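Residue numbers (UniProt numbering): 1 to 556.
See below:
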């Protein structure tokens, strides 16, 4: 995927400055075209152009005695910060918004406290969005605390003229990127509850689309499907920026349902639209390429998927390097982590579908082929182990050693050691991950149940109780129809057969039969039932809130 080449015959980019940018911003209808104009300037002037522009604004001298000038400066800061954040220049956006917040907090003498709170929340909302997206969690945590305080002030007001649904989405997204999905869902529900029938259409669609993503990640597929049905009733034109965000959330919706073809369609359109709107050398483009690579990894079924996934990921890494993202940045590290996961998956597939079997110099006999394959597999796993170890070290320093991201790294290392048959080492990593997740998540969390199942690495009597814990969580809180229940019950049957525990074997077999029947019924219900009564209300807030606040218990 190449960058579009622009020719500036009239040297327009030389005249594009802050004053002209703010004039363009006054015309709402031209905002989409403004992204294109901006990427032309970036291509011609270089990737330092956004940084120089934001730096120029930050260095503007303001008269602290002129309150009208201060207010105008705040308005400019909000517009510039939001624009740069949407355009993919996250560091520059964060710097502008940081300066704007400082002016609001320390220089602005505003007699209208409602107006001051409005500007405060607007600034913090976008600031939290860009820091979270850039995965700068140390700074994001500070902004998050400021946001909670401002939201609490607003929530305690008797008369509320402001809709803060988007602010709740920002908090939800913050938790989502920290992989604390239950908290993310709680704030997503608060966002939908905050909507009104007279709320803007763009806001409604953004909030609902975000709720679809979070419910999909939590495998609340019936909830996600019903919300999507509501969203699909809207058929008017929307901005390309909103469309891209919705496509990404839909891609996750289909990816989590194991529908790679439908997911890929959304990703392809989103990637193409993002490149056209913001440019190839842009963080928005890199992030979508990285997320697409991860989605292909999740449905990894052949070496074709490996190639597509790795090519997409290499492009994302190349773009991040080109625009100056440091390797210690957690966003960059997460992209490298996906690369390690792909390498690990490739190693596990090599024995089934070898894609390189000789050096091209001479034919190889079977023994040489197996030896060559084993060596390649060993090298791949060592590379993956090194990457995950580095990421664990950086993540622990940046986010903290007691976080879901650190637990993820321990899980990744446990998986690699498991493939290497280093079971004691694998067990140690899994136990660390379990300890962290037990301290962060509640006892009915699917992530924890899956962790117990993963820990069962050596199929020994000593850790069989973790599979039992896993199956009990899934059955108790998610129902017999959950796919993981079947996997756990199959393993328990094997162990009971090996240990000749006939009664236990029969018990688990009965449960397995019930699980298959329950899953079949649930799938038929979920993919065939559409609540026409809810769908007919086009973006009805009553319908949306009814869906998001109801547990349908048809999750897979």
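In this text, a Cβ means the ideal position worked out from N, Cα and C, and glycines have one as well. All of these numbers come straight from a predicted model, not from anything done at the bench.
Excluding the five sequence neighbours on either side, which residues of its own chain have a C-beta within less than 7 Å of the C-beta of residue i, listed in chain order?
i: residue 417; result: 425, 426 and 429
i: residue 317; result: 335
i: residue 194; result: 163, 164, 165 and 168
i: residue 35; result: 87, 277 and 278
i: residue 506; result: none
i: residue 218; result: 181 and 185
i: residue 50; result: 42, 84, 89 and 92
i: residue 509; result: 493
i: residue 338; result: 290, 293, 294, 297 and 313
If the criterion is Cβ atoms closer than 8 Å, does the pair residue i and residue j meet it?
i: residue 227; j: residue 215; result: yes
i: residue 173; j: residue 330; result: no
i: residue 22; j: residue 37; result: no
i: residue 289; j: residue 271; result: yes
i: residue 279; j: residue 39; result: yes
i: residue 242; j: residue 202; result: yes
i: residue 298; j: residue 255; result: yes
i: residue 410; j: residue 375; result: no
i: residue 293; j: residue 309; result: yes
i: residue 58; j: residue 126; result: no
i: residue 124; j: residue 101; result: yes
i: residue 179; j: residue 408; result: yes
i: residue 234; j: residue 328; result: no
i: residue 64; j: residue 107; result: yes
i: residue 343; j: residue 313; result: no
i: residue 398; j: residue 138; result: yes
i: residue 151; j: residue 143; result: no
i: residue 266; j: residue 251; result: yes
i: residue 68; j: residue 95; result: no
i: residue 47; j: residue 323; result: yes
i: residue 56; j: residue 18; result: yes
By Cβ distance below 8 Å, which residues in the same chain neighbour residue i in space, the five residues on each side in sequence not counted?
i: residue 103; result: 62, 70, 73, 74 and 77
i: residue 319; result: 280, 281, 282, 283, 285, 286 and 289
i: residue 154; result: 117, 121, 160, 162 and 164
i: residue 210; result: 169, 172, 173, 188, 191 and 249
i: residue 205; result: 231, 234, 238, 242, 246 and 539
Could you have a look at residue i and say whether DSSP puts it in helix, strand or coil?
i: residue 532; result: For residue 532, the pLDDT reaches just 44, beneath the cut-off of 50, and the residue's location in the model is therefore unreliable, although a value from the coordinates is still provided. Looking at residue 532 - three-state DSSP - the assignment turns out to be helix.
i: residue 31; result: helix
i: residue 581; result: Here the chain comprises residues numbered 1 to 556, so residue 581 is not present and cannot be evaluated.
i: residue 87; result: coil
i: residue 16; result: coil
i: residue 39; result: helix
i: residue 284; result: helix
i: residue 233; result: coil
i: residue 110; result: coil
i: residue 47; result: coil
i: residue 64; result: coil
i: residue 195; result: coil
i: residue 55; result: helix
i: residue 299; result: coil
i: residue 189; result: helix
i: residue 141; result: helix
i: residue 180; result: coil
i: residue 212; result: helix
i: residue 327; result: coil
i: residue 134; result: coil
i: residue 156; result: coil
i: residue 238; result: coil
i: residue 200; result: coil
i: residue 118; result: helix
Can you say whether residue i is buried or exposed, counting buried as having 16 or more other CB atoms within 10 angstroms of its CB?
i: residue 401; result: exposed
i: residue 296; result: buried
i: residue 157; result: exposed
i: residue 253; result: buried
i: residue 263; result: buried
i: residue 435; result: exposed
i: residue 85; result: buried
i: residue 498; result: exposed
i: residue 315; result: buried
i: residue 149; result: exposed
i: residue 60; result: exposed
i: residue 52; result: exposed
i: residue 196; result: exposed
Short of 6 Å in beta carbon distance, which residues of its chain neighbour residue i, apart from the five on each side in sequence? Order them along the chain.
i: residue 116; result: 110
i: residue 354; result: Unreliable placement is indicated for residue 354, whose pLDDT of 48 sits below 50; no coordinate value is reported for it.
i: residue 332; result: 320 and 325
With a threshold of 8 Å between beta-carbons, can residue i be considered close to chain C, or not?
i: residue 514; result: Among the protein chains of the structure shown there is no chain C, as only one such chain exists.
Is any heavy atom in the ligand ZN found nearer than 7 Å to the beta carbon of residue i?
i: residue 187; result: With respect to small molecules bound, the structure shown includes none, and the ligand ZN cannot be examined in it.
> Could you give the uninterrupted runs of the alpha helix (DSSP H) lying entirely in the region 360-405, keeping only those of 4 residues or more?
Replying inline: Taken in chain order, the unbroken stretches of alpha helix (DSSP H) that lie wholly in the region 360-405 and span 4 residues or more are 366-398.
> Mind pulling the alpha helix (DSSP H) runs of 4 or more residues that sit fully within the region 245-286?
Replying inline: Taken in chain order, the complete alpha helix (DSSP H) segments of 4 or more residues contained in the region 245-286 are 260-278.
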